[in-house]
Amino acid sequence: MREKILSYMETNGRIGLHDLAVMLDTDEAAVANELEAMEAEHIICGYHTLINWDKVGIEKVTALIEVRVTPQRGMGFDKVAERIYNYPEVNSVYLISGGFDLMVTLEGKTLQEVSGFVTDKLSPLESVLSTKTNFILKKYKDHGTIMAVQRKDERELVTL
Amino acid sequence: MRDPRSKKVVALAPSGIRKFFDIVNEMDDAISLGVGEPDFDTPWRVRDEAIDSLTKGRTFYTSNAGLKELKVEISRYLDRRFGLSYEPAQEILITVGGSEAIDAALRAMLDPGDEVLIPQPSFVCYLPCTVLAGGTPVVIPLKEEDQFRLTPEALEAAITERTKVLVLPFPNNPTGAVMEKDDLEAVARIVQKHDLFVLSDEIYAELTYLERHVSIASLPGMKERTVLINGFSKSHAMTGWRLGYACAPQPIIAEMLKIHQYAIMCAPTTSQYAGVEAMKNCDADVERMREEYNGRRRYLLHRFREMGLSCFEPFGAFYVFPSVKEFGMTSEEFAMRLLQSKKVAVVPGTAFGDCGEGFLRISYAYSLDSLKEALARIEEFIGELRGQR
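The listed protein sequences derive, respectively, from chains A and B. Mapping to this note's numbering: the first sequence position 40 is 40, numbers consecutive. Heads up, this note's numbering is the position in the second sequence plus 160, with the first residue counted as 1.
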């Protein structure tokens, strides 16, 4: 049941309790309980809206920053990750296998704002060895949703 | 000048759906719940394999019966999913959709005067294909009180000494009815008693919501009497690829192959390469689509109950078949007025046989948002009709 609720919720966060219950052949209370439990267990960590900011006409700059760091004794990467993720302008922080350690995504209004964060906040951190900033030029697909093209129903009427 | 047209073809009635769709077509802003094909895209990995086959220049004919690799994969798939055992080299024919397989099967089996039993409401092609093949169609009306299943009594009553073939269209378009194992066993006994053959159109076999579909060909003594029709259109959202297949004992397949090779040559090569991937690696995609259809099915039935619109619970395909008998008008009139006043297109049940009178076919191969909007309009419409009485 959890898995089914999650698979509906993941692509349609606005689906109502009532509809969800009907489609899963259960009652609203059961769905509500599961949702509440999953929120408490931090399985569901939030409800967000997927926005194509390009279409709003508001300038936004998103950067993927590769960060190499020195892990700290007893804490590994957690401490330095915490230092970074507490900045509100940081969208996400992932520990990464491969050529660098942390992948930080950051949203700013301008290039200067992003580069300012990197030079003033991120690079000066003691355990940060190096950074490499990649700017996103175009979002084709985000959270499983294709942003680049809008589809309409092109099915033609056929005898069957 | 003589009439260039064949009398037999001229006499064929045009499809009831066609007439209705012509009107829908002229309306730009109508919401249609009329289309009988999946709203999903073909899984990308299937499309990708097709592209790859083109990149590699695989643009020749395949052998008439189809790519060997595809037949092998179909054989494995049928075994894996439905416990069926077909020998790829002798007992499987790849066709241009299930439709070609139906036509070829009827032409391969019928002689003039042979009677074909066709349960209705059902897909529109069985009757004209029977006529074109020189057979005589005999309609068996199915009833809502039997959940639109074929009962042994109705079958027995329709059999004469000319009866040769029984068409078995389950899971059913347009009613969504399914035949469960014990229903099929009762039919199989009668088929064997009267030495009949079954044309089992199982194109919706993957879309059942109660239990896994059972093929009549899997029952004892039935494989040798059955032509099984299936394809990729509904299960793998591959309608436009035109890819289907027939499975039958070698003597029948051999005759179907003759018709197929003279009329068609072979099914589209690109589609066949795509089909290999669909058979091998797409069970999870099929499952995902089935789950999604099932949610919509439950949603529709729930909304009909809320509106007080009578509808038997269908457990297959992607259609519901509600009754509009309470409104005292024909299905066609209801559908036309719904279209004109609320711009929602549904198909009158009569498009699938006279016994579809009093019902509508509503497809749920549409997004939940479209379904919601359409149902809100239908609710408004029937509210107005009830208010007038």
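Here a beta-carbon is modelled for each residue, glycine too, at the ideal position from N, C-alpha and C. Predicted model, so just to flag it, every value in this text is computed and none were measured.
Taking only the alpha-carbon atoms, compute the straight-line gap between residue i and residue j and give it to the nearest angstrom.
i        : j        : result
B/Val232 : B/Leu270 : 29 Å
B/Cys515 : B/Glu493 : 16 Å
A/Val128 : A/Leu35  : 39 Å
A/Gly76  : A/Leu64  : 22 Å
B/Lys440 : B/Tyr237 : 8 Å
A/Ala40  : A/Asn91  : 22 Å
A/Ala69  : A/Val114 : Correcting the residue identity first, residue 69 of chain A is Val in this sequence and not Ala. The alpha-carbon atoms of A/Val69 and A/Val114 are separated by roughly 19 Å.
B/Pro203 : A/Glu3   : 22 Å
B/Met382 : B/Gln352 : 8 Å
B/Ile252 : B/Ile234 : 8 Å
B/Asn454 : B/Arg162 : 54 Å
B/Phe220 : B/Leu230 : 15 Å
A/Val61  : A/Arg83  : 22 Å
B/Ser470 : B/Val276 : 32 Å
B/Tyr524 : B/Arg456 : 7 Å
B/Cys426 : B/Val347 : 34 Å
A/Tyr85  : A/Leu50  : 21 Å
A/Lys141 : A/Lys55  : 14 Å
Would you mind stating whether residue i and residue j have Cβ atoms separated by less than 8 Å?
i        : j        : result
B/Phe475 : B/Gly336 : yes
B/Ala264 : B/Ile419 : yes
B/Leu460 : B/Ile183 : no
B/Glu362 : B/Ser375 : yes
B/Glu197 : B/Val436 : no
A/Val67  : A/Leu111 : no
B/Phe180 : B/Pro428 : no
B/Leu417 : B/Asn224 : yes
B/Ile254 : B/Gln432 : yes
B/Tyr246 : B/Cys407 : yes
B/Val446 : B/Glu366 : yes
B/Leu266 : B/Pro281 : no
B/Lys167 : B/Val291 : no
B/Pro331 : B/Tyr364 : yes
B/Met398 : B/Ala423 : no
Figure out for me which residue from the options has the closest Cα to the Cα of residue i.
i        : options                                   : result
A/Gly46  : A/Thr119, A/Ala148, A/Arg14 and A/Val149  : A/Arg14
B/Ser530 : B/Glu345, B/Pro164 and B/Val195           : B/Val195
B/Ile538 : B/Tyr479, B/Met467 and B/Phe512           : B/Met467
B/Ala477 : B/Pro288, B/Leu172 and B/Pro329           : B/Pro329
B/Gln307 : B/Ile254, B/Tyr433 and B/Pro482           : B/Pro482
B/Met339 : B/Arg241, B/Gly273 and B/Arg372           : B/Arg372
B/Val506 : B/Asn185, B/Asp163, B/Asp188 and B/Ser192 : B/Ser192
B/Arg546 : B/Gly488, B/Trp401 and B/Pro301           : B/Gly488
A/Met1   : A/Thr26, A/Met103 and A/Gln150            : A/Thr26
B/Ala434 : B/Arg402, B/Pro164, B/Pro409 and B/Ala408 : B/Arg402
B/Arg458 : B/Ala438, B/Arg448 and B/Tyr479           : B/Tyr479
A/Lys138 : A/Ala148, A/Ser130 and A/Lys132           : A/Ala148
B/Glu316 : B/Ala173, B/Val299, B/Glu304 and B/Leu370 : B/Val299
B/Ile522 : B/Pro411, B/Lys394, B/Pro334 and B/Glu540 : B/Pro334
A/Val93  : A/Gly99, A/Val104, A/Asn86 and A/Tyr87    : A/Val104
B/Thr215 : B/Thr430, B/Arg497, B/Glu540 and B/Glu451 : B/Thr430
A/Tyr87  : A/Gly99, A/Gln72 and A/Phe117             : A/Phe117
A/Ala21  : A/Thr11, A/Asn12, A/Ile5 and A/Glu10      : A/Ile5
| request: Quick one: which residues of the segment 21-32 of chain A get their C-beta closer than 8 Å to a C-beta of chain B? List them in chain order. | output: Val22, Met23, Leu24 and Asp25
| field | Contacting positions in the segment 130-157 of chain A - beta carbon closer than 8 Å to chain B | value | Asp153, Arg155 and Leu157
| said: Can you pull out the residues from the segment 2-19 of chain A whose beta carbon lies closer than 7 Å to at least one beta carbon of chain B? | reply: Correct list: Asp19.
| query | Unbroken beta strand (DSSP E) runs of length 3 or more, entirely within the segment 275-350 of chain B: which are they? | reply | 275-280, 296-301 and 323-328
| Interfacial residues, the segment 403-424 of chain B to chain A, with Cβ spacing under 8 Å | Of all residues in the segment 403-424 of chain B, none comes within less than 8 Å of chain A when Cβ atoms are compared.
| Short-range partners of chain A found in the segment 186-204 of chain B, where Cβ spacing is below 8 Å | Ser192, Gly194, Val195, Gly196, Glu197 and Asp199
| request: Could you name each continuous alpha helix (DSSP H) segment of 4 residues or more that falls completely within the segment 67-153 of chain A, going from the start of the chain to the end? | output: 78-85 and 111-117
| In chain order, what residues of the segment 457-486 of chain B put their CB closer than 7 Å to some CB of chain A? | Arg458, Tyr459 and His462
| request: Give the residues from the segment 219-236 of chain B that approach chain A closer than 7 Å (Cβ to any Cβ), ordered along the chain. | output: Those residues of the segment 219-236 of chain B that come within reach of chain A (Cβ to Cβ, closer than 7 Å) do not exist; the list is empty.
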